[in-house]
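K.L.:
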Amino acid sequence: MVLRNEIFERLRALKKNVSEIIADETDYRAMLREATDEDTKARAVSMISAQRLAKSAHKNLDDVYKVLFK
């Protein structure tokens with residue numbers, strides 16, 4: 007079963023897909039630590055959260071694919 011995941015709503019605003027979020031190797035935690043303005047901090051927090059959600063959604067989609075095509 008494909009689970010509902012907040013990432014699908016966020017992807018639209020980010021103009022990215024799950025694979026792009028997962029492949030992004032930017033160190034957003036370092037960006038957050040070094041940020042001096044609120045916009046950069048907010049972007050870093052948003053991307054940290056998006057990466058966490060994307061990993062969960064990707065695993066769910068992989069699991070569903072395996073069930074459908076085994």
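So in the working numbering, spot 21 of the sequence shown is number 27, and the numbers just go up one at a time. Here a beta-carbon is modelled for each residue, glycine too, at the ideal position from N, C-alpha and C.
Output the distance between the C-alpha atoms of I13 and E44, rounded to the nearest integer angstrom.
P.N.:
Answer to the nearest angstrom: the Cα atoms are 22 Å apart.
K.L.:
For R10, which of H64, K72, R35 has the nearest alpha-carbon?
P.N.:
Nearest option by C-alpha distance: H64.
K.L.:
Hey, how far is the Cα of Y71 from the Cα of M7?
P.N.:
Computed Cα separation, rounded: 10 Å.
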